[in-house]
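S.K.: Residue numbers (this note's numbering), protein chains in the order written: chain A, 1 to 317; chain B, 318 to 634.
In this text, a Cβ means the ideal position worked out from N, Cα and C, and glycines have one as well.
Note that the structure is predicted; figures quoted are calculated from it, not measured.
Would you mind keeping the following structure in view while I ask a few things?
The structure is reproduced here in structure tokens:
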């Protein structure tokens, strides 16, 4: 066994039920998918210097690599179960690997997912995780499905992560407590698994915000040539008032890497959603409405509707 | 959309049934696993300059990246169905991507597997594929399960791929037709899917040969502290007689990257296996026997048993 095979010692743990009848250490894992459930599959790669600054801690990298995949399952209203880890590292650094493995296992335990396979190779640092989950047959919440008149809603406070990135890169200076909270949101996003599962009962369409609210909203709208009117005051309410209004609005509209859920619900479900929403869930906020006219507009209440520019979020670089 | 999102245009194809109810383009794919089947999961990463020489063609890289994963499913006696592709490339080179995509689709069609998700990122060239397959409940053929007295058998001619690598790197010079065949085996290994499925009826243990026959054999033996006696003449018969005997034996014992199946069968099943073996399958050869004594020995017929050294195969570099 070469040093890279040995790395597997950091990740191998006895499998723990959860449908896994054969875990790491054979040609493949063997898993029993619960009958009556659809299987969900997602994969995401994080590359050092592209998706995170090179100085990011091993723990934050590990957390994020799993969290972004958990978020994809959450955005379908699914329950995550099993994942594989393909880790490419420049060297077999025991301290780094031990921190990385501890952080992966910590989030895996928290989300009740099992590592069932992996591959470790030498090269520039990158992490690919493929995550499998399930959802009751035909109950997955897709990107397509919104109707004109549906309310547009969001969990948590999208925009914080990009403010965190701006703090790290020196593009902005914020109050130190706010800055720390934003950097934490960037490095340790919390996938909204419980929230996504609960929203299965209400949402007509759903996506997680990785590339910015406006850009990810376009994925909900484009298939059916729908539009949306965003409520400026609702958006501004999501982020701390100590931050300047322009910066707040910009972060909320275009900031990525938050992994909050963006979803639509029929107006008739709004009251029931709010009253049944659990106290330990991330809060949900109504931020706009779906329209039948192509295009995204911003309503500020005291003036005309203003078209919202499409603009991408480049994560890092 | 940035150039790397656009790369997805090379890979997106309408999904084609096969249990896929939602393919590429949402937060996750949605798949229906046939009832009564176990799910198999495997993942493998190929890194340029580590698993293949940098001069390798895009088509050969794509083929191999999928083939090595197909081989893992084959080694369980399973049927491959769905895969995700995480592709990291240094630049969005249209020609390269087009060749890569064509080769992936070609092998995917041949093996009847569907691409259900992917992620394309910028960085040093590496490819991670996660492949899902199925096998009837509890019928997966594991590495563990051999019994003393079982026959040790192999598909095809392990050793050719490493001879091909030696030809490419200039470590050896072979007759040009033989050299071409060996390089083809290195670059375009044929996963033994149909053979693996047929062996589900006979094999007590099975693995695919990626790290060399001796090393992969140790995985079949180690769990139960078994040993094996290898038949030197049978091993020599696998590779063209024009190649020197020592070189032939060395390649067969230690050469990796062949993705042939190594498996054990009870002696009582040998005749039935041979008589039922289909003409279009890769041939199978009996190369030895499992013993109850730890260690691997080589029998040459005309002398004493000689211990076989454990030695790894380093793929490339």
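For the stretch 255-276 of chain A, which residues have a CB atom closer than 7 Å to at least one CB atom of chain B, in sequence order?
M.R.: Listed by position, the residues of the stretch 255-276 of chain A near chain B (Cβ gap below 7 Å) amount to none.
S.K.: I want to see whether chain A comes within less than 9 Å of residue 612/B, judged by CB atoms only; does it?
M.R.: Start at 1 with the first residue of the second chain, and residue 612/B comes out as number 295. It does not: the Cβ of residue 612/B has no partner Cβ on chain A nearer than 9 Å.
S.K.: Helix, strand or coil: which one does DSSP assign to residue 89/A?
M.R.: Within the first chain, residue 89/A is the residue found at index 89, counting from 1. Strand at residue 89/A.
S.K.: Count the other C-beta atoms from every protein chain shown that fall within 10 angstroms of the C-beta of residue 268/A, then say buried if there are 16 or more, exposed otherwise.
M.R.: Walking along the first chain from the start, residue 268/A turns up at place 268. The residue in question, residue 268/A, is exposed, as its Cβ has fewer than 16 Cβ neighbours within 10 Å.
S.K.: Looking at the unbroken beta strand (DSSP E) that takes in residue 208/A, where does it start and where does it end?
M.R.: To locate residue 208/A, count along the first chain from 1; it is residue 208. Here the beta strand (DSSP E) through residue 208/A covers 205-208.
S.K.: Could you tell me whether any Cβ in chain B is nearer than 9 Å to the Cβ of residue 17/A?
M.R.: Your numbering for residue 17/A matches position 17 in the first chain. Chain B contact via Cβ: absent.
S.K.: Output the distance between the C-alpha atoms of residue 280/B and residue 164/A, rounded to the nearest integer angstrom.
M.R.: Since the displayed chain B opens at 318 and closes at 634, residue 280/B lies outside it and no answer follows.
S.K.: Does residue 273/A come out as helix, strand or coil in the three-state DSSP assignment?
M.R.: In the first chain, residue 273/A corresponds to position 273, counting from 1. The answer is helix: DSSP assigns residue 273/A an H, G or I state.
S.K.: Give me, in chain order, the residues of the same chain whose beta-carbon lies closer than 6 Å to that of residue 119/A; leave out the 5 immediate sequence neighbours on both sides.
M.R.: If you number the first chain from 1, residue 119/A lands on position 119. Correct list, in chain order: 86.
S.K.: Let me see if you follow: with CB-CB separation under 9 Å, is residue 352/B close to chain A or not?
M.R.: The residue you call residue 352/B lines up with position 35 of the second chain. Judged by the 9 Å Cβ criterion, residue 352/B is in contact with chain A.
S.K.: Rounded to whole angstroms, what's the CA-CA distance from residue 527/B to residue 603/B? Just pull it up for me.
M.R.: Numbered from its first residue, the second chain carries residue 527/B at position 210. Numbered from its first residue, the second chain carries residue 603/B at position 286. Distance between the alpha carbons of residue 527/B and residue 603/B: 19 Å.
S.K.: For my contact list, residue 212/A and residue 255/A are in at a C-beta cut-off of 8 Å; report their separation, rounded to the angstrom.
M.R.: Position 212 of the first chain, counted from the first residue, corresponds to residue 212/A. Position 255 of the first chain, counted from the first residue, corresponds to residue 255/A. So it is a contact: roughly 6 Å between Cβ atoms.
S.K.: What residues in the stretch 144-166 of chain A have a beta carbon less than 9 Å from any beta carbon of chain B?
M.R.: Those would be 144, in chain order.
S.K.: Taking Cβ positions, are residue 131/A and residue 42/A nearer each other than 9 Å?
M.R.: For this step, residue 131/A is matched to residue 131 along the first chain. For this step, residue 42/A is matched to residue 42 along the first chain. In this structure, residue 42/A lies closer than 9 Å to residue 131/A by Cβ.
S.K.: Taking the beta carbon of residue 488/B as the centre, do at least 16 other beta carbons fall within 10 Å, making it buried, or is it exposed?
M.R.: Residue numbering aside, residue 488/B sits at position 171 when the second chain is read from its first letter. Residue 488/B is exposed by the Cβ-count criterion.
S.K.: Using a Cβ-Cβ cutoff of less than 7 Å, which residues in the same chain neighbour residue 136/A once the five nearest sequence positions on both sides are dropped?
M.R.: The residue you call residue 136/A lines up with position 136 of the first chain. The residues are 36, 37.
S.K.: Residue 195/A bridges to which residues according to DSSP?
M.R.: For the purposes of this step, residue 195/A is taken as the residue at position 195 of the first chain. Note: residue 195/A sits in no beta bridge, so no partner.
S.K.: Step through the CB atoms of chain B and report whether any lies within less than 9 Å of the CB of residue 51/A.
M.R.: Against the first chain, residue 51/A aligns to sequence position 51. With 9 Å as the cut-off, residue 51/A counts as an interface residue toward chain B.
S.K.: Exposed or buried, which one is residue 248/A when buried takes at least 16 other CB atoms within 10 Å?
M.R.: Here residue 248/A refers to the residue found at position 248 when the first chain is read from its first residue. By the 10 Å Cβ count, residue 248/A comes out buried.
S.K.: Using a beta-carbon distance cut-off of less than 7 Å, what residues from the stretch 111-131 of chain A approach chain B?
M.R.: From the stretch 111-131 of chain A, only 116, 117, 118, 119, 121, 122, 123, 124, 126, 128, 130 have a Cβ closer than 7 Å to chain B.
S.K.: Are any of the Cβ atoms in chain A nearer than 9 Å to that of residue 529/B?
M.R.: Indexing the second chain from 1 puts residue 529/B at position 212. Output row for residue 529/B: interface = no.
S.K.: Identify, in the order they occur along the chain, each residue of the same chain with its Cβ nearer than 8 Å to the Cβ of residue 317/A, setting aside the five sequence neighbours on each side.
M.R.: On the first chain, position 317 is the one that residue 317/A refers to. For residue 317/A, the predicted structure reports a pLDDT of 39, less than 50, and the residue's modelled location is therefore unreliable. A value from the coordinates is still provided. Cβ neighbours of residue 317/A beyond the five flanking positions: 49, 50.
S.K.: Can you give me the C-alpha to C-alpha distance between residue 514/B and residue 103/A, rounded to a whole angstrom?
M.R.: For this step, residue 514/B is matched to residue 197 along the second chain. For this step, residue 103/A is matched to residue 103 along the first chain. Computed Cα separation, rounded: 39 Å.
S.K.: With a cut-off of 8 Å, do at least 3 Cβ pairs link the stretch 77-85 of chain A to the stretch 466-477 of chain B?
M.R.: Output reads no: the stretch 466-477 of chain B does not touch the stretch 77-85 of chain A.
S.K.: Is residue 590/B near residue 509/B, with beta carbons less than 9 Å apart?
M.R.: Residue mapping note: residue 590/B aligns to position 273 of the second chain, counting from 1. Residue mapping note: residue 509/B aligns to position 192 of the second chain, counting from 1. In this structure, residue 509/B does not lie closer than 9 Å to residue 590/B by Cβ.
S.K.: Compile a chain-ordered list of the residues in the stretch 486-510 of chain B whose CB is closer than 7 Å to at least one CB of chain A.
M.R.: Hits within the stretch: zero.
S.K.: Would you call the stretch 362-382 of chain B and the stretch 339-352 of chain B touching, i.e. three or more CB-CB distances under 8 Å?
M.R.: Not touching, per the Cβ criterion.
S.K.: Using 8 Å as the threshold, is the stretch 605-623 of chain B in touch with the stretch 541-551 of chain B, meaning 3 or more CB pairs across them?
M.R.: Output reads yes: the stretch 541-551 of chain B touches the stretch 605-623 of chain B.
S.K.: Note down, in chain order, all residues in the stretch 354-387 of chain B with a beta-carbon under 7 Å from any beta-carbon belonging to chain A.
M.R.: Residues 355, 356, 357, 358, 359, 360, 361, 362, 364, 367.
S.K.: Could you tell me which whole beta strand (DSSP E) segments of length 3 or greater appear in the stretch 600-631 of chain B?
M.R.: Runs found: 601-608, 612-616.
S.K.: Are the CB atoms of residue 446/B and residue 386/B within a distance shorter than 9 Å?
M.R.: Start at 1 with the first residue of the second chain, and residue 386/B comes out as number 69. Start at 1 with the first residue of the second chain, and residue 446/B comes out as number 129. Yes, they are a contact pair.
S.K.: Express the C-alpha separation of residue 90/A and residue 180/A in angstroms, rounding to a whole number.
M.R.: On the first chain, position 180 is the one that residue 180/A refers to. On the first chain, position 90 is the one that residue 90/A refers to. Cα to Cα, the separation comes out at about 29 Å.
S.K.: Along chain A, which residues have their Cβ under 7 Å away from the Cβ of residue 401/B?
M.R.: The residue you call residue 401/B lines up with position 84 of the second chain. What residue 401/B touches in chain A: 41, 43, 130.
S.K.: Using C-beta distances below 8 Å, list every residue in its chain close to residue 318/B, excluding the 5 sequence neighbours before and after it, in chain order.
M.R.: Walking along the second chain from the start, residue 318/B turns up at place 1. For residue 318/B, the predicted model reports a pLDDT of 42, less than 50, meaning its position is unreliable and no value from the coordinates is stated.
S.K.: Can you tell me the Cβ-Cβ gap for residue 281/A and residue 194/A, rounded? I've got them flagged as a contact below 8 Å.
M.R.: Within the first chain, residue 281/A is the residue found at index 281, counting from 1. Within the first chain, residue 194/A is the residue found at index 194, counting from 1. Rounded, the Cβ-Cβ distance is 6 Å, consistent with contact.
S.K.: What residues match up with residue 453/B in a beta bridge as DSSP calls it?
M.R.: Taking the first residue of the second chain as position 1, residue 453/B is located at position 136. Residue 453/B pairs with 354/B.
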